[in-house]
Amino acid sequence: MQAIIHILKTQGDDIVRSIGQHIGLSLISLLIAAVIAIPLAILLMNHKRSANVMLQITSVLQTIPSLALLGILIPIVGIGTVPSIIALVIYAVMPIFQNTYAGLTTIDPNLEEAATAFGLSRRMKLFRIELPLAMPMIVSGIRIAMVLIIGTATLAALIGAGGLGTYILLGIETNNNALLIIGAVLSAILALVFGAGIDWLGKLSFKKAGLVVLTLIVLIGGFAGYRKIASPTTDITIAGKMGSEPEILINMYKDLIEHDHPNMQVTTKANFGGTSFLFKALKSGSIDIYPEFTGTVLESLVTGQKSASHNPQTTYQVAKRALKSQDQMAYLKPMQYQNGYDLAVTKQFAKKYKLKTISDLTAVEGQIHAGFDPDFYQLKDGYPGLSKTYGLKFASAKTMEPSIRYKAIANGKVNLVDGYTTDPEIQEYHLVVLKDDKGFFPPYQGAPLMTEKLLTDHPELRTTLNKLAGKVSTTDMQKMNYKVTVKHEKAATVAREYLKSHGLLD
Amino acid sequence: MIEFKNVSKQYENNLALDKLNLTIPTQDFFVLVGPSGSGKTTTLKMLNRLIEPTDGNIYFDDKRIIDYDLKQLRLQMGYVLQNIALFPNLNIQENIAIQAESLGWPRKDRIARARHLLSQVDLDPDQYATRMPSELSGGEQQRVGIIRALAIKPKVVLMDEPFSALDPISRKQLQDLVLRLHRELDMTFIFVTHDMHEALRLGQHIAVMRLGHIQQIGTGEEIMQHPANDFVRGFFQNEYTPQPATIQTLLDAGYGQATTATATLAADAPISELAAALKQATPVVVTTPQGPRALSTPDLLDYLAAKEAD
Chain A
1 MQAIIHILKT QGDDIVRSIG QHIGLSLISL LIAAVIAIPL AILLMNHKRS
51 ANVMLQITSV LQTIPSLALL GILIPIVGIG TVPSIIALVI YAVMPIFQNT
101 YAGLTTIDPN LEEAATAFGL SRRMKLFRIE LPLAMPMIVS GIRIAMVLII
151 GTATLAALIG AGGLGTYILL GIETNNNALL IIGAVLSAIL ALVFGAGIDW
201 LGKLSFKKAG LVVLTLIVLI GGFAGYRKIA SPTTDITIAG KMGSEPEILI
251 NMYKDLIEHD HPNMQVTTKA NFGGTSFLFK ALKSGSIDIY PEFTGTVLES
301 LVTGQKSASH NPQTTYQVAK RALKSQDQMA YLKPMQYQNG YDLAVTKQFA
351 KKYKLKTISD LTAVEGQIHA GFDPDFYQLK DGYPGLSKTY GLKFASAKTM
401 EPSIRYKAIA NGKVNLVDGY TTDPEIQEYH LVVLKDDKGF FPPYQGAPLM
451 TEKLLTDHPE LRTTLNKLAG KVSTTDMQKM NYKVTVKHEK AATVAREYLK
501 SHGLLD
Chain B
1 MIEFKNVSKQ YENNLALDKL NLTIPTQDFF VLVGPSGSGK TTTLKMLNRL
51 IEPTDGNIYF DDKRIIDYDL KQLRLQMGYV LQNIALFPNL NIQENIAIQA
101 ESLGWPRKDR IARARHLLSQ VDLDPDQYAT RMPSELSGGE QQRVGIIRAL
151 AIKPKVVLMD EPFSALDPIS RKQLQDLVLR LHRELDMTFI FVTHDMHEAL
201 RLGQHIAVMR LGHIQQIGTG EEIMQHPAND FVRGFFQNEY TPQPATIQTL
251 LDAGYGQATT ATATLAADAP ISELAAALKQ ATPVVVTTPQ GPRALSTPDL
301 LDYLAAKEAD
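Taken in order, these protein sequences are the chains called A and B. For what it's worth, the UniProt record's numbering labels the leading residue of the first sequence as 1, then goes sequentially. For what it's worth, the UniProt record's numbering labels the leading residue of the second sequence as 1, then goes sequentially.
As structure tokens, then:
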């Protein structure tokens with residue numbers, strides 16, 4: 001109970017949003033189903049054979065398990081709201097059709113005869129006599145459909161349409177009963193409230209009921225329209241770590257997102273900070289996405305997952321799972337290039353002390369004055385871990401901004417720096433990368449990291465950002481980094497050029 | 001004027017109407033009477049084309065009814081159903097004005113018409129206009145059923161056994177009502193019933209039907225006095241008003257003593273005269289072909305008591 005209250009307190013806004021999604025999804029589906037089923041029943045009320053065929057069809061549709069139906073729909077219409085609504089409509093059509101048909105065909109034949117004998121038009125007969133007489137049956141059909149929809153709509157969360165199912169699924173997945181109860185109880189309450197609403201609607205005259213339904217349509221439509229138009233409310237903030245590479249990547253993300261979803265507006269925050277800062281910013285919601293490396297995730301962001309493997313695939317999978325379960329983060333597929341940490345020294349220094357591997361450094365550790373990226377200096381997969389693994393203790397180690405670092409070594413202020421395999425400065429300053437002979441640095445592949453919630457609210461982001469999956473080779477990255485860092489081209493331009501030349505943007 | 005010319009209705013293996021010829025004068029109160037299966041309801045429903053003939057033609061004001069626009073035709077023919085069939089979802093005034101609504105009368109006129117008709121059949125509009133049909137008794141409902149048929153002043157009102165489901169008292173009241181309405185309105189009433197008594201009470205002209213044929217058409221009196229065949233005679237037999245009992249029936253029953261006294265009454269005098277005479281003096285002597293007979297007060301009382309016991 002305390003857990004439930006706590007969740008209600010802390011996630012109140014999200015729950016309200018989920019209820020809103022659930023109601024929206026249910027109402028739209030119910031309306032569409034009614035708009036299909038009722039006219040169909042009217043059309044077929046005097047065609048018994050066709051009506052029976054239709055009853056058979058709707059019954060068969062009803063027997064398809066909802067999960068199977070969603071599975072069938074995903075390849076056709078993708079994920080999100082659309083397939084959910086289609087599935088819900090398919091389920092809701094039968095009870096409404098069946099009841100409307102039964103209601104219209106079981107009217108006292110004497111009343112039909114009277115209406116005919118009075119010379120009432122088909123239209124007047126239908127709206128003044130037949131539909132009102134069938135109304136109790138129609139209303140009960142809509143009720144059944146509504147209960148069905150509200151129950152089934154919890155499954156919509158499976159395919160990213162949100163709603164109260166999100167809590168039920170999350171509750172099951174994380175074995176969190178409080179979440180489960182919140183989702184289930186709220187769905188039940190919704191069913192009750194809607195049931196009462198439909199009964200009330202059924203008692204109103206045609207005009208009033210029509211007015212209420214119309215108002216609902218306008219409200220939902222208006223809300224949807226508002227969200228569409230006012231969608232620059234879906235401001236997405238993408239941040240990057242220090243350096244040119246993250247800046248290029250976040251510009252790629254921005255271009256792809258804004259191209260695919262004109263209603264979204266992406267703000268980029270390049271050089272936003274180090275790993276833990278970015279991660280915290282992501283958690284607190286001040287940023288939405290940032291590119292993170294698989295290795296970094298395992299080394300610093302999640303617990304209990306020390307670089308278990310040197311296989312990039314495995315590393316990604318482990319990182320993805322750990323992020324999901326520990327931090328409710330979604331980690332999309334990584335790009336092709338590998339960007340591991342490295343240690344580099346000048347060619348002269350390497351020659352002088354015959355340095356080829358990191359192990360070779362132990363012999364000269366007393367003379368090493370290192371300049372490290374602040375991240376590298378702090379993180380487990382950086383200097384602390386390295387010194388442990390190799391038993392290294394440098395004479396001094398200073399932290400400095402990545403761009404200054406290479407200048408410092410070029411100016412002789414330091415004689416060893418950390419770097420990335422894709423850094424263009426390695427060539428520019430004639431440096432030598434020391435071989436990681438003990439395999440300390442885990443595989444590093446860049447991939448977009450975001451909260452699961454963002455992906456739930458905007459499932460379409462997955463497709464968009466996955467366009468980069470498996471793309472961008474190490475050479476590509478090095479070249480781009482070179483253009484930005486050395487040639488001082490704008491990261492945004494370089495990013496766009498790459499996307500265009502690789503057919504990811506037109 | 002309505003004319004049926006050689007109208008037949010053939011159902012799959014049943015000839016419901018066989019070459020029917022019939023003329024109904026304008027503003028007549030015309031009753032179709034006959035046992036079930038006689039084709040009377042079929043004949044009625046052919047007029048507003050709920051049933052179409054398989055052969056022959058029906059003329060309404062010298063124009064074939066199939067040449068009328070169906071809606072126009074039906075709007076000229078009010079229709080009262082056996083089971084009343086008020087629309088349960090509409091209140092009384094909406095029921096009454098349903099045809100007017102279909103014709104697009106303004107709401108104000110419809111209500112006024114409904115209220116006028118209600119008061120015409122002694123239903124207080126203030127009390128009844130906005131009630132629902134289920135709140136009315138059977139008799140009240142059929143009153144509404146009747147005025148619903150009159151709402152847009154049709155030329156013809158068709159009534160299909162409208163009172164057969166009602167209790168005798170309501171039936172009598174409603175018979176009086178339709179007679180009054182027929183007098184007051186310039187409409188042709190065509191009325192179907194299986195009840196000869198009702199036919200005689202209502203009809204200016206009566207058509208007696210049997211097995212899809214008309215047996216006889218005429219006024220009630222004509223049919224009563226000159227039945228065309230045994231069927232008509234048999235059908236009407238129950239309707240012969242019993243002749244008032246005479247003193248002879250008393251004598252036939254074995255009452256009376258032979259006497260030599262002077263007779264003061266004839267045997268064919270009504271029993272009422274005997275009763276009156278017995279008040280003055282007893283016994284009373286009656287002339288009979290067998291000679292005078294004396295009848296006393298106990299004789300009369302015994303006879304009446306025995307008759308009552310039958």
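Idealized CB from N, CA, C, for every residue including glycine.
Only those residues of the stretch 90–110 of chain A whose C-beta falls short of 7 Å from the nearest C-beta of chain B are listed: Asn110. Not flagged as an interface residue toward chain B: A:Glu258, since no C-beta distance is shorter than 8 Å. Flagged as an interface residue toward chain A: B:Phe87, by a C-beta distance shorter than 8 Å. Apart from the 5 residues on each side of it in sequence, A:Ile150 sits with its Cβ closer than 8 Å to the Cβ of His22, Ser26, Ser187, Leu190, Ala191 and Phe194 in its chain, given in chain order. DSSP places A:Pro291 in the uninterrupted beta strand (DSSP E) bounded by Ile289 to Phe293. In this structure A:Leu386 is in contact with A:Phe440, their Cβ atoms being roughly 6 Å apart against a cut-off of 8 Å. Against chain A, the beta carbon of B:Ser102 has neighbours under 8 Å at Phe118, Gly119, Leu120, Ser121 and Met124, listed in chain order. Three or more Cβ pairs closer than 8 Å define a contact, and the stretch 200–211 of chain A falls short of that threshold against the stretch 263–281 of chain A. Within a 10 Å sphere around the beta-carbon of A:Ala68 sit fewer than 16 other beta-carbons, which makes this residue exposed. In the three-state reduction of the DSSP assignment, A:Gly371 falls in the strand class. Ranked by Cα distance from B:Gln204, the options B:Ser8, B:Gln10, B:Leu15 and B:Val33 are led by B:Val33. Note on B:Gln175: 16 or more other CB atoms within 10 angstroms of its CB, so buried under the neighbour-count rule. Per DSSP, the beta-bridge partners of B:Ala294 are B:Gln257 and B:Val285. Against chain A, a Cβ distance below 7 Å from B:Asn83 picks out Asn110. For B:Gln142, there are no neighbours in chain A by C-beta distance under 9 Å, as the nearest C-beta there is about 13 Å away. Per DSSP, the continuous beta strand (DSSP E) segment holding A:Gly446 begins and ends at Gly446 to Thr451. According to the DSSP secondary-structure assignment, B:Gln216 is paired through a beta bridge with B:Val208. Beta-bridge pairing by DSSP links A:Gln265 to A:Asp235. Per the coordinates, the alpha-carbon of A:Leu465 lies some 14 Å from the alpha-carbon of A:Gln336.
Put simply, the backbone Cα of B:Asp299 is about 17 Å away from that of B:Thr264. Judged by DSSP in its simplified three-state form, B:Arg49 adopts coil rather than helix or strand. Sequence-distant Cβ neighbours of B:His182 in its own chain, meaning closer than 7 Å and more than five residues away, are Phe29 and Phe189. Taking 8 Å as the threshold, the shortest C-beta distance from A:Ala209 to chain B does not fall below it. In the structure shown, the three-state DSSP call for A:Gly385 is helix. A:Thr116 has its alpha-carbon roughly 9 Å from the corresponding atom of B:Asn48. Per DSSP, the unbroken beta strand (DSSP E) holding A:Ala330 starts and ends at Met329 to Tyr331. The beta-carbon separation of A:Thr346 and A:Leu434, rounded to 12 Å, does not stay under the 8 Å limit for a contact. B:Tyr11 is classed as exposed because its beta carbon has fewer than 16 other beta carbons within 10 Å across all chains shown. Taken through DSSP and simplified to helix, strand or coil, A:Val417 comes out as strand. For the pair of segments examined, the stretch 120–132 of chain B was found not to touch the stretch 70–81 of chain B: the number of CB pairs separated by less than 8 Å stays below three. Under the DSSP definition of a beta bridge, B:Thr193 partners with B:Val33. Between the beta-carbon of A:Ala87 and that of A:Leu70 there is about 6 Å, and that keeps the pair under the 8 Å contact cut.
For A:Asp476 and A:Asp373, the gap between their C-alpha atoms comes out near 23 Å.
Straight-line spacing of the CA atoms in A:Met480 and A:Glu245 works out to 8 Å. Chain B has no Cβ within less than 8 Å of the Cβ of A:Leu25. Within the stretch 145–203 of chain A, complete alpha helix (DSSP H) segments of at least 4 residues are found at 165–173 and 177–203, given in chain order.
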